[in-house]
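In my numbering, the protein residues as written are 151 to 402.
Idealized CB from N, CA, C, for every residue including glycine.
The block underneath contains the structure these notes are about, expressed in structure tokens.
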């Protein structure tokens, strides 16, 4: 297995409060890792640190993506290198049509990598093909990004972005939030279509039900800022029965 992401001794804090306390994690190419844990454990902080969201101070540790220092890169450089964060609560961008947003993001990344921009007709065809598989109609592509979208539409839009941008590392921060069972299946099918030998994924969730549809190779329990247990997919079933209380005590 080739390491795609290596996190060693990562410590991070927000407004002087330490959230991550020596987190270690290795994601190999081709693997899906699920990270589960109670509220306040540091799951979203981890996703935000990987994407380079402002407001988080890294106080120790390192993060390598394909052997490169991820923490030294600006957020747009991380995106061009192949990091994608699917938000728990995707933000609305009034005044910017979804298709315009997709075209700008796609070509900005290609330009950053020294690649030629894709022509508008070619890009439109690619977007429409992906949108059709995700049940996204043309009208939704013309609407402002996420404005007035239902929870399911927002998550399908995130999945569309992933499928278009083809990132190396997909980080899904509680992507099952706000989804009914039908929308969950559509999004999960879209995510599963992105599984490849060259791509890694981190799926953050509280609940086992998402992992019925996106089956992980490895499951971790994150509590009090550290990975406190790692196992196979059966660990998620165990957590569904026992909850997280024992791990909170273990990490304390």
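In terms of alpha-carbon separation, which member of 243, 239, 162 and 381 lies closest to residue 204?
Stepping through the chain shown from its first residue, residue 204 is reached at position 54. Ranking the options by Cα distance to residue 204, first place goes to 162.
DSSP three-state call for residue 207: helix, strand or coil?
Along the chain shown, read from residue 1 onward, the residue named residue 207 stands at position 57. Reduced to three states, the DSSP call for residue 207 is strand.
For residue 373, list the residues DSSP reports as bridge partners.
Taking the chain shown and counting its residues from 1, the one referred to as residue 373 is at position 223. Answer is 376.
In terms of residues, what are the limits of the alpha helix (DSSP H) holding residue 225?
On the chain shown, position 75 is the one that residue 225 refers to. Residue 225: member of the alpha helix (DSSP H) spanning 225–231, first to last residue.
Taking residue 156 as part of the beta strand (DSSP E), name the residues at either end of that continuous run.
Here the question's residue 156 lines up with position 6 in the chain shown. Here the beta strand (DSSP E) through residue 156 covers 153–164.
Beta strand (DSSP E) segment containing residue 182, residue limits:
Residue 182 sits at position 32 when you count from the first residue of the chain shown. Per DSSP, the continuous beta strand (DSSP E) segment holding residue 182 begins and ends at 182–186.
Since residue 372 contacts residue 187 with CB under 8 angstroms, what's their CB separation in whole angstroms?
Counted from its first residue, the chain shown places residue 372 at position 222. Counted from its first residue, the chain shown places residue 187 at position 37. Cβ atoms of residue 372 and residue 187 come within 8 angstroms of each other, at about 4 angstroms.
Would you check if the distance between the CB atom of residue 248 and the CB atom of residue 199 is smaller than 7 angstroms?
Numbered from its first residue, the chain shown carries residue 248 at position 98. Numbered from its first residue, the chain shown carries residue 199 at position 49. Between residue 248 and residue 199, the C-beta gap is not smaller than 7 angstroms, which leaves the two residues out of contact.
For the segment 210–228 and the segment 264–280, state whether three or more C-beta atom pairs, one from each stretch, are separated by less than 8 angstroms.
They do not touch, by the three-pair rule.
Check whether the Cβ atoms of residue 175 and residue 192 sit closer than 7 angstroms, and answer yes or no.
Sequence index remark: in the chain shown, residue 175 carries index 25 (1-based). Sequence index remark: in the chain shown, residue 192 carries index 42 (1-based). Not in contact: residue 175 and residue 192 (Cβ atoms no closer than 7 angstroms).
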